[in-house]
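Inspection log for the structure reproduced underneath, given as structure tokens.
Structural data, given as structure tokens:
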């Protein structure tokens with residue numbers, strides 16, 4: 001994937017904002033963010049971020065989407081993401097819930113860290129995730 005188009009992401013925002021099940025659409029331009037001014041965002045990828053909030057019968061959900069160059073945002077391909085199991089999904093959601101600090105994930109952890117730990121390193125619990133974080137590059 002090449003450089004993401006700000007225009008294409010903008011077009012997507014208008015589509016998402018019109019969806020009746022979406023209560024909130026948030027956009028952040030982390031491609032242009034000054035890293036020296038925002039130490040709390042220093043680990044964020046250089047990419048466009050779109051966050052969605054929806055309320056379903058199962059509860060409130062937050063959906064994160066990142067648009068950037070391959071390797072800068074994540075290194076997944078459709079094949080890998082299509083193989084995620086129900087068990088892995090549950091582990092990822094539980095770890096994300098444990099790792100929340102109210103404003104995001106603590107300790108500079110990104111959403112992709114949960115997926116990589118569970119899908120590639122077979123992490124199944126908080127202890128395993130902590131060990132993964134200590135050894136990740």
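Residue numbers (the working numbering): 1 to 137. Beta carbons are placed, not taken as given, at the ideal position from N, Cα and C, and that holds for glycine. Computed from a predicted structure; not experimentally measured.
- Residue 67 carries a strand assignment under DSSP once its states are collapsed to helix, strand and coil.
- Secondary structure of residue 60 (DSSP, three-state): strand.
- Between residue 13 and residue 50, the CB-CB gap stays under 8 Å.
- Per the C-alpha coordinates, the member of 86, 57, 66, 60 positioned closest to residue 10 is 66.
- With fewer than 16 other beta carbons inside 10 angstroms of its own, residue 63 counts as exposed.
- Under the DSSP assignment, residue 118 falls in the alpha helix (DSSP H) whose first and last residues are 111-121.
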